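Worksheet: one structure, shown below.
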Amino acid sequence: MKPIRALMLCTGNSARSIMAEAIGNNYLFDYIQFKSAGSNPIGEINPYCLLTLEKMSVSTNGLESKSWNKFSETNSWKPEIIVTLCSNAGSEPCPIWLEDIPKIKWDLEDPSIHKDSHSLSMKGFSDLFVILSLRFNYIKDYLKSAEFEAFKIKNSQLEKFKKRENRIDLISNLFLEAVNNNE
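Using this note's numbering, you'd call the opening residue of the sequence shown number 749 and step up by one each time.
Quick look at the structure:
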């Protein structure tokens with residue numbers, strides 16, 4: 749089964765969305781592939797983001813700060829779920845090619861606000877790492893649970909699960925539940 753493509757989105761694509769992409773892909777989900785982008789990307793990844801990911805042994809290979817327009821190109825990776833990680837990205841109008849895609853808001857505090865303090869910056873990024881990890885753990889645990897297996901089998905749910913739009917709905921709901929179960 750082809751994985752659902754989830755776009756982790758924040759305005760600058762330098763911290764929150766980059767970290768979410770890296771952690772999400774580190775979990776090696778069978779059903780979800782993660783990329784990140786920004787509506788107004790800074791063009792570089794926050795060094796504290798990279799430092800935190802490396803400290804936690806999460807691969808930073810392939811990470812880059814990029815515009816959501818990169819995914820509008822013909823034959824490019826097309827998202828099927830969008831998770832906004834900052835209030836700015838959640839309230840900005842999306843380009844027309846993103847309008848019909850389910851959007852989930854994960855309003856997370858910007859860890860890069862403490863620019864003048866190494867210790868506060870590291871704490872902010874470490875806290876963000878924990879929050880994102882808890883949310884992805886919730887999603888991964890559910891996808892491995894007996895409840896999920898029963899869902900797929902019960903009343904021919906496996907056939908329903910094979911339909912891509914039903915998997916997108918399920919994964920979208922898991923992103924929402926991850927917020928509610930980890931706050």
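Think of the CB as a built atom: it goes at the ideal place given N, C-alpha and C, for glycine as much as any other residue. Predicted model only: the values in this text are computed from it and were never measured.
Q. Where does S904 sit, in a helix, a strand or coil, going by DSSP?
A. Low confidence applies here, because S904 scores a pLDDT of 49, under 50, leaving its location unreliable; read the following figure in that light. S904 falls in the helix class under three-state DSSP.
**Q.** Straight-line Cα distance separating I771 from S881
**A.** If you draw a straight line from the Cα of S881 to the Cα of I771, it comes to about 7 Å.
(Q) Is the separation between the beta-carbon of E802 and that of S762 shorter than 9 Å? (A) No.
Q: Name the two residues that bound the continuous alpha helix (DSSP H) containing A770.
A: From DSSP, the alpha helix (DSSP H) with A770 extends over 764-774.
(Q) According to DSSP, is M870 part of a helix, a strand, or is it coil? (A) The DSSP-derived three-state label of M870 is helix.
**Q.** T808 versus A754: straight-line alpha-carbon distance, rounded
**A.** The straight-line gap from Cα to Cα measures roughly 18 Å.
Q) Once you ignore the five residues that flank L757 on each side, which residues in its own chain have a CB closer than 8 Å to its CB? A) Same-chain partners within the cutoff: S765, S784, A785, G786, S787, W816, I830, V831, T832, L833, A837.
Q. What three-state label does DSSP hand K853 in the structure shown?
A. Here K853 sits in strand by DSSP.
(Q) If I follow the unbroken alpha helix (DSSP H) through I755, where does it start and stop? (A) In the sequence as presented, Ile is not what sits at residue 755; that position holds Leu. Careful: L755 lies outside any alpha helix (DSSP H), inside the beta strand (DSSP E) at 752-757.
Q: Say whether chain C places a C-beta atom closer than 9 Å to the C-beta of F819.
A: Among the protein chains of the structure shown there is no chain C, as only one such chain exists.
Q.
Rounding to the nearest angstrom, what Cα-Cα distance links N928 and N885 in this structure?
A. Using only the alpha carbons, I get a separation of about 13 Å.
Q. When you compare only the Cα positions, how much space is there between A894 and E925?
A. Between the alpha carbons of A894 and E925 lies a distance of about 17 Å.
Q. Do you know how far the Cα of S805 is from the Cα of L846?
A. The alpha-carbon atoms of L846 and S805 are separated by roughly 33 Å.
Q) What residue does the beta strand (DSSP E) around T832 start on, and which one ends it? A) For T832, the enclosing beta strand (DSSP E) covers residues 829-832.
Q) Expressed to the nearest angstrom, what Euclidean distance is found between the alpha-carbon atoms of D858 and P789? A) C-alpha of D858 to C-alpha of P789: approximately 15 Å in a straight line.
Q: Give every residue of the same chain whose Cβ lies closer than 8 Å to the Cβ of Y779, excluding the five residues on either side of it in the sequence, and list them in chain order.
A: By the criterion of a C-beta distance shorter than 8 Å, Y779 is surrounded in its chain by M749, P751, I752, L891, R915, I919, once the five residues flanking it on both sides are discounted.
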